[in-house]
Structure formats: structure tokens, C-alpha cells
Amino acid sequence: MRAEAPSLLDYPRHRRLKRRAPFLPMSRAEMDALGWDVCDIILVTGDAYIDHPSFGMALIGRALEAQGFRVGIIAQPDWTSAEPFRALGRPAMFFGVTAGNMDSMINRYTADRKIRSDDAYTPHGEAGKRPDRAVTVYAQRAREAYPDANIVIGSIEASLRRIAHYDYWSDKVRRSVLPDSKADLLIFGSAERAIIDLAHRLAAGEAIENIRDLRGTAFMVKRGWKPSEDWVEQDSTDLDRPGRIDPHPDPYAMEPQQTASAPNADGSMPVRIVPAAERVAARKAQRAKTVIRLPAFEQVKDDAVLYAHTSRVFHLESNPGNARALVQGHGDRDVWLNPPPVPLTTEEMDWVFDQPYARAPHPVYGDAHIPAWEMIRFSINIMRGCFGGCTFCSITEHEGRIIQSRSHESILKEIEEIRDKIPEFRGHITDLGGPTANMYRMACKDPKIESSCRRLSCVYPGICENLNTDHSSLIELYRKARRIPGVKKITIGSGLRYDLAVRSPEYVKELVTHHVSGLLKIAPEHTEENTLSKMMKPGIGTYDKFKRLFDKFSKEAGKKQHLVPYFIAAHPGTTDEDMLNLALWLKANDFRPDQVQTFTPTPLAMATAMYHTRRNPLRKVSRDSEIVETARSGVQRKLHKALLRYHDPAGHELIREYLHSIGRDDLIGNGPHHLVPRAAPARLQRAGLKPRGNDFVHAITPNGRGKPATPPAAKAGGRSAQKAPPKAQTARNAPRNKQGRPR
Numbered sequence: 003m004r005a006e007a008p009s010l011l012d013y014p015r016h017r018r019l020k021r022r023a024p025f026l027p028m029s030r031a032e033m034d035a036l037g038w039d040v041c042d043i044i045l046v047t048g049d050a051y052i053d054h055p056s057f058g059m060a061l062i063g064r065a066l067e068a069q070g071f072r073v074g075i076i077a078q079p080d081w082t083s084a085e086p087f088r089a090l091g092r093p094a095m096f097f098g099v100t101a102g103n104m105d106s107m108i109n110r111y112t113a114d115r116k117i118r119s120d121d122a123y124t125p126h127g128e129a130g131k132r133p134d135r136a137v138t139v140y141a142q143r144a145r146e147a148y149p150d151a152n153i154v155i156g157s158i159e160a161s162l163r164r165i166a167h168y169d170y171w172s173d174k175v176r177r178s179v180l181p182d183s184k185a186d187l188l189i190f191g192s193a194e195r196a197i198i199d200l201a202h203r204l205a206a207g208e209a210i211e212n213i214r215d216l217r218g219t220a221f222m223v224k225r226g227w228k229p230s231e232d233w234v235e236q237d238s239t240d241l242d243r244p245g246r247i248d249p250h251p252d253p254y255a256m257e258p259q260q261t262a263s264a265p266n267a268d269g270s271m272p273v274r275i276v277p278a279a280e281r282v283a284a285r286k287a288q289r290a291k292t293v294i295r296l297p298a299f300e301q302v303k304d305d306a307v308l309y310a311h312t313s314r315v316f317h318l319e320s321n322p323g324n325a326r327a328l329v330q331g332h333g334d335r336d337v338w339l340n341p342p343p344v345p346l347t348t349e350e351m352d353w354v355f356d357q358p359y360a361r362a363p364h365p366v367y368g369d370a371h372i373p374a375w376e377m378i379r380f381s382i383n384i385m386r387g388c389f390g391g392c393t394f395c396s397i398t399e400h401e402g403r404i405i406q407s408r409s410h411e412s413i414l415k416e417i418e419e420i421r422d423k424i425p426e427f428r429g430h431i432t433d434l435g436g437p438t439a440n441m442y443r444m445a446c447k448d449p450k451i452e453s454s455c456r457r458l459s460c461v462y463p464g465i466c467e468n469l470n471t472d473h474s475s476l477i478e479l480y481r482k483a484r485r486i487p488g489v490k491k492i493t494i495g496s497g498l499r500y501d502l503a504v505r506s507p508e509y510v511k512e513l514v515t516h517h518v519s520g521l522l523k524i525a526p527e528h529t530e531e532n533t534l535s536k537m538m539k540p541g542i543g544t545y546d547k548f549k550r551l552f553d554k555f556s557k558e559a560g561k562k563q564h565l566v567p568y569f570i571a572a573h574p575g576t577t578d579e580d581m582l583n584l585a586l587w588l589k590a591n592d593f594r595p596d597q598v599q600t601f602t603p604t605p606l607a608m609a610t611a612m613y614h615t616r617r618n619p620l621r622k623v624s625r626d627s628e629i630v631e632t633a634r635s636g637v638q639r640k641l642h643k644a645l646l647r648y649h650d651p652a653g654h655e656l657i658r659e660y661l662h663s664i665g666r667d668d669l670i671g672n673g674p675h676h677l678v679p680r681a682a683p684a685r686l687q688r689a690g691l692k693p694r695g696n697d698f699v700h701a702i703t704p705n706g707r708g709k710p711a712t713p714p715a716a717k718a719g720g721r722s723a724q725k726a727p728p729k730a731q732t733a734r735n736a737p738r739n740k741q742g743r744p745r
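Using this note's numbering, the first residue of the sequence shown is number 3, and each one after it goes up by one.
Structure representation (C-alpha cells):
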């Protein structure tokens, strides 16, 4: 296994292209215009091709082009036949197959497994332009088109399916995507380093089946295969051996002297004190040639506890500085996973993002409306990765925990390119962010500690004392960006990690004063410790502290601004009572969430392991370990969502039934202290009326306001009819004489 990764800037160009393509070609005619008879690499993607660094096919394609490779794009092909995969001919090196920026199953289905009506990554938002499990289908069709071509799969969909995984949509454990796709190689995580190295080695004549030492790759091998005889396999297929976490070195450890010297007179071997540096180096060398055998697919598909154990071992081996290789049996073959890729340096990140992107959709789409493009066209990625470790999030499994940041110069240059290249730009940059808005340039204070750390999160249960939480570089970046001519406003659209932000009141003031346009997204996710502990999120007290700072600085700036908190319903570990307490907190704080998120189990996430197994992989897993109660039934998940949207009449009947069943009828009524109103009499329901206080209104409209209505009994002059109070006598409604003047 390669211990050190060559810099992306150190490779000699494969060839010197005559000119850079205005857009990577999507047709033979475009290839002819560039003077190409063949593509070296063809990228197949489930997204429309937009030549912008926020889209994976452009990011990888331009990086490969800069290395001298001819790269073509097949975007959203018709997967019902192999013919569209022949559009650009057979690639000289390989097909690079991805589902796109999103997992194809999450892209198509809601948390309730209902089909979505649109696709943001498709022209006009049209749904149905990519298949379910697109990586597998595209790879199979590419193989059908050219049986002898190399097939390499990647993107977040492949990353999250690199080993056996629970599949929410079929409610079963599926095997790795590798045997199903028949791919030669899987690249997981951010792919630039691995795919560029792979391309150069294939160009030099190496066979893809012999390239087995690339970090960030996975592949199928014969059962029991090892890179060389000196590799050691550590068995972790049994709960009695759950994947040991190596202890810190004992500085007083003594061992036999490794020399040919004779034993002492009494027969004992000479001993010496081994320097700590020597022992650490020896342990690292041993780890570099150790592979951990995970429970096989055939074991985890039927044994939930072993699945949870596998999830824990997998996540403990995620730090590029100390991760070991993993292997998992699938029948008579193994899926072999090399350690994660080495993160990109700032210089390499700049190189990737400084390529000559057209910053527009391919001309083939004309003036088509592409929602994802319109959302990010004026936004900028300043970093990647996340050390938060939230168990429900897939960013860590894909991009890793180590933050990779761009330089100020590269970011400011991109702002100027947006200003100069996009005619529609009117001076508003909509985001300077990434997976998290304020983790820019944050890292462990000591690289040695970082390389040996085994924590799953740098900020839970508290912020690590070794984490540098300095926001000064980010503040400086904001100020520089605001001074660029032509830039009128910069707002932050990425989610904010508020437990980090409160460490820097100066940052909060800078953000609130200059970079919030009325509303700021923030994600407490829940209020109850029982749930937050399963999410690895901070307590609600930290949110309260941030809100006080937010309100204070908004007032000082003379602005009326509000936080938009995000919450998750039905997360593993959440009881009905937890959701009720959250609903009461929302009502007490006058929050009426509109768009809410119900927990969706994504492959490989730790929260998904909790959902599937009812065990907690954040701790050592055993047959009698902690049980994690989880809302799995459709009715309970709907109840949790209804409680989160307590103000929506559509869920009131479900909430009333629940409150009555637990003896909390005190929360049902039409007063301000009640959670939901009383049920309207049948005759009023037929009229479309709902109770509100002492009056009745039509069902709540999308903007949260109802139209007051008079009860039918009042209209009919029944006992409930009351004479309306007289209007105040004003010049407008006063009685008038024959000349129309007020009397």
C-alpha cells in the first residue's frame, strides 16, 4: 500500500492537448471538432452535464483533462439498451460510471418510499431520467456495449455501497455494489487522487487487475487473497473479537533485544528499553500490512447484531492516518477495501477548482431550466469534508473527517470569474461554504495526534481540546470577498455548526451583520438528549447560546433576522415522548416548521445500522448491548412527522389519538397553551371548517393563515348565533344622507 501520495501537480502530462475543450464532448461531432479520434476516458453520469465545479462529472473530467487525457461525457443515457453507451465509441482506458451528485434512490424516493415528482439535476426538473441504483445499471450497460472495456465506478452512490449494506427501499441487506455491477474497480470518497493515478498507470501499460495498491479503492479478489505474503489478517468476524482499538504506547515497555547475542548466564534474554519513536514506527509498519476481515455478507444479511458490529469496525477504520485495509466475504470471493484516500492539500484543492470551467450547462440543453444549476450558479465551495460525525449524515463516509480547504486567492478568483463569465450575475454571491459553513481551515492542532486519532467525531460529546476552532481566516475571507468590485452582497447558504460558532463571537457578529439576508439555516435536529446522543449532536443549550448571540448582533446591526431551525422526525432512538417534547418546545418558541425531514436510512450510515439492527454501534456491540428503539412502522413515522408539524391540520387527528392514548388530553383544546385544537363537529368538518380558539376557520393555507368563517349555526340563526357587535362609527361606515354625506 502506498504510504505517501504523489501530488496531483507532480504528474507529467500524458499528452499535450492542442486546446482545452470549451465543454467536454458529448457527441462524435464535438470530438471531431477537437481533433479526437477516440476518448481516453468516458464519464457516464446520471446528472445533466453542467461544467461547474459543484458537479462531479465536471470536477473529475476537468482534472483528468488537465493531466492530458481526452475525456468525454455521456449524461443521463437511456439505460434500456446498450446503444447510448456506444455514442462516443470505446474508451481507450476506462468508463467512469457514477449515479451523479446524489444517490439515485434518495433522488427518486421520499422518506416514505414514495416516488418524487421531479429531479433537480435534470432539464426542466423532469423525473425518471435515471434508473434506480443507477451505478449498477449503467455499469452493466457499459459492459454490454463493450465487453472488453475497463469499468470503474464511483460517486456517493458507489461509496455508500462498497460493502454489504442495509437497503431501506427493499428492507434487506444487499451485497456490495461491486459484484452486482461487475466493475473492475470502485473508487470511494473524493476521487481526484485515485483516478488520476489510475489513469497514468493504465496509460503506462499496467493492467487494471494488477492495480491493487491505490488508496480509496475497492475490488473483488479470490477468497483469501493478499497483496504479499507478509500481510497479516486480523479476524473480526466474531463478536468476541470486535476489532481491538490499539492502546497508547507504554513508554516503559521492554522487549527482547533483536540481536544474535547469546542469552545471559541464567538463561534470560537481554532486554532493552525501546524508544517510543521506534515502537510507534514498528506498529505503523505492522498496521500498514494488516487487513481486518469483517463478517461476510452471508453472515450480516441474517444477523442484525453482527451487522451493527461490522458498522462499528468499519467506521473505526476511517482515519487515513491509521486505517487498515478491510476485507469482506461475498460467496467464494472477497471484497477488498484499501484505506481511505489521503486528503488533498490546499495547493491541490486550488488546482482542482482553478480549472477552466465554462460555469454553465452544456449547450445541448439550450435554455432548459435545471433546478440544481440555478440553485448553485452563484455559490462557491470553499472546503470539503466534515469532522462532525453526525450518525445520520453520509458526508463523513464519503468525503472523510479531515477538512480540505482552498486558499483565499483561489476563492476570490472564482468570485471574479462568476462576475465576469455569467451575464445574469447581479452582484449576489449566494454561498461561501461546503458541507458545513464554518469548518474552513479547522484541523487538529497536532498532525501526529490527528494521524493516530480513533474518535468518530471531533465535536461530540464535546469539542476536542486538540481541535483548532479559530474562525479568523474565515472572517478575513468574508471581508476580502465583500471588497471585490461588482460584489454587492454575500450570503451564507450552507448549514452552520453553531457549537463551533459560539467559540467565536467575532465570527457570529461578522456573519449576522453582513451575510444573513433575513433567515439563517441552522440544525439543532432535536431537543431531547436521548435522541441527540444517537445523532452525536450537541444539547439544545448550545443552540440557545447561539440564538442569544444571533439576536444580540442582529439588533446591533438594526436588522430583523430569524433563525430557521431544522429538525429530524423518527430518528433512531427517538421515542414518541421525545417527539412530543420537541413539539411542545417548538410551540413554546413559536416555531412552525414547514419543510421537515423524516429520517431516511442511507447505506453505511451509523444511524442506519441503529435503524436496521436496534443496536448502538457507537459503543461496543454484543448480544446483550443497548437496544435502540426506533420508529419503523408507517403509522409511528407519520406520528413523529405530525408532531414535528404540530400546526398542520392534516396531522391533528393522529396527534389527538396519541395524546388521548397516553392520558394527555390537557394538550387538546383551543387555547394558546394547547398543542392541537379539539376536533370540529362532523357538520363543520363537512363544511371544511376547523376550530381555532372561540372561532372557526377554513383549513390552514400554505402560508399558515386561515380565513375566518362564521359557524353554520350562526348563519341559520340557531342558539349559537350571536349578534355581531356594531362597527365603530367612522367617516367611512357612518350612515349617510341622500347626498351621500355622513349624517
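Each residue gets a CB set at the ideal place from its N, CA and C atoms; glycine is no exception.
(request) Determine the direct distance from the alpha carbon of Gly-102 to that of Gly-58, and round the result to whole angstroms. (result) 7 Å
(request) Compute the distance between the beta-carbons of Thr-432 and Thr-493, then report whether it is under 7 Å. (result) In contact: Thr-432 and Thr-493 (Cβ atoms closer than 7 Å).
(request) Verify whether the separation of the beta carbon atoms of Arg-443 and Ser-475 is less than 7 Å. (result) Cβ distance < 7 Å, so Arg-443 and Ser-475 count as in contact.
(request) Indicate the three-state DSSP secondary structure (helix, strand or coil) for Pro-181 in the structure shown. (result) helix
(request) Go through its chain and collect everything with a Cβ distance to Asn-765's Cβ below 6 Å, but skip five positions before and after it. (result) The chain is shown only over 3 to 745; residue 765 falls outside these bounds and no answer can be derived.
(request) Sort Ala-60, Glu-146, Asp-42 by Cα distance to Thr-82 and report the nearest one. (result) Glu-146
(request) Use the C-beta contact count for Pro-425: other C-beta atoms within 10 angstroms, 16 or more gives buried, fewer gives exposed. (result) That one is exposed.
(request) Determine the contact status of Leu-19 and Trp-353, defining contact as a CB-CB distance below 7 Å. (result) no
(message) Along the chain, where does the beta strand (DSSP E) containing Ala-77 start, and where does it finish?
(response) 73 to 77
(request) Would you kindly report the start and end of the unbroken beta strand (DSSP E) that includes Arg-484? (result) Run containing Arg-484: none in the beta strand (DSSP E); it sits in the alpha helix (DSSP H), 474 to 484.
(message) Suppose you measure from the CA of Ser-29 to the CA of Ile-158; what does that come to, to the nearest Å?
(response) 26 Å
(message) In the DSSP output, what is Ala-220 paired with across the bridge?
(response) Leu-188, Leu-339
(message) Classify Gln-330: buried if its beta carbon has 16 or more other beta carbons within 10 angstroms, exposed otherwise.
(response) buried
(request) Find the nearest neighbour of Ala-682 within the set Gly-226, Arg-658, Arg-666, judged by alpha-carbon distance. (result) Nearest Cα to Ala-682 within the set Gly-226, Arg-658, Arg-666: Arg-658.
(message) Using 7 Å as the threshold, is the C-beta distance between Thr-602 and Ala-113 below it?
(response) yes
(message) So, for Asp-182: in the same chain, excluding its five sequence neighbours on each side, which residues have a beta-carbon less than 6 Å away from its beta-carbon?
(response) Thr-138
(request) Have a look at Arg-621 and Tyr-309 and give me their C-alpha separation to the nearest angstrom. (result) 14 Å
(request) May I ask you to verify whether the segment 551 to 563 touches the segment 576 to 589, counting CB pairs closer than 8 Å and requiring at least 3? (result) Segments in contact, no.
(request) Going by CA-CA distance only, name the one from Lys-549, His-430, Gln-288 that's closest to His-517. (result) His-430
(request) Taking only the alpha-carbon atoms, compute the straight-line gap between Ser-459 and Cys-41 and give it to the nearest angstrom. (result) 42 Å
(request) For Pro-93, count neighbouring Cβ atoms within 10 angstroms of its own Cβ and tell me buried if that reaches 16, exposed if not. (result) With 16 or more other Cβ atoms from the protein chains shown falling within 10 Å of its own Cβ, Pro-93 counts as buried.
(message) The alpha helix (DSSP H) that contains Val-514, what's its start and end?
(response) Looking at the DSSP string, the run of the alpha helix (DSSP H) that includes Val-514 is 507 to 516.
(request) Pick helix, strand or coil for Thr-138, following the three-state DSSP scheme. (result) helix
(request) Identify which residue in Ala-644, His-564, Asp-626 has its Cα closest to the Cα of Asp-578. (result) Ala-644
(request) Would you check if the distance between the CB atom of Ala-50 and the CB atom of Ala-77 is smaller than 7 Å? (result) yes
(request) Compute the Euclidean distance between the alpha carbons of Pro-8 and Arg-217, then round it to the nearest angstrom. (result) 12 Å
(request) Go to Tyr-442, then tell me how far its beta strand (DSSP E) extends in each direction, as first and last residue. (result) No beta strand (DSSP E) holds Tyr-442; DSSP gives it neither H nor E.
(message) Which residue marks the beginning of the alpha helix (DSSP H) containing His-202, and which one marks its end?
(response) 194 to 205
(message) Here's the rule: buried if 16 or more other CB atoms are within 10 angstroms of the residue's CB, otherwise exposed. What is Ile-664?
(response) exposed
(request) Within the same chain, show all residues whose beta-carbon is closer than 8 Å to that of Phe-552, passing over the 5 residues directly before and after it, in chain order. (result) Val-510, Val-514, Leu-522, Gln-563, Leu-565
(request) Using DSSP bridges, identify the partner residues of Ile-494. (result) In DSSP, Ile-494 forms no bridge with anything.
(message) Assuming Leu-19 is part of the alpha helix (DSSP H), what are its boundary residues?
(response) Counting along the chain, Leu-19 falls outside any alpha helix (DSSP H), and DSSP gives it neither H nor E.
(request) Sort Phe-548, Gln-301, Thr-529, Asn-212 by Cα distance to Asn-583 and report the nearest one. (result) Thr-529
(message) Considering only DSSP beta bridges, list what Ala-327 is partnered with.
(response) Val-293
(request) Taking 7 Å as the cut-off, decide whether the C-beta atoms of His-662 and Val-678 are in contact. (result) no
(message) Since His-438 and Ser-496 should fall inside the 8 Å C-beta cutoff, what is the C-beta to C-beta distance between them, to a whole number of angstroms?
(response) The residue asked about is misnamed: residue 438 is Thr in this sequence, not His. Correct: roughly 6 Å between the Cβ atoms.
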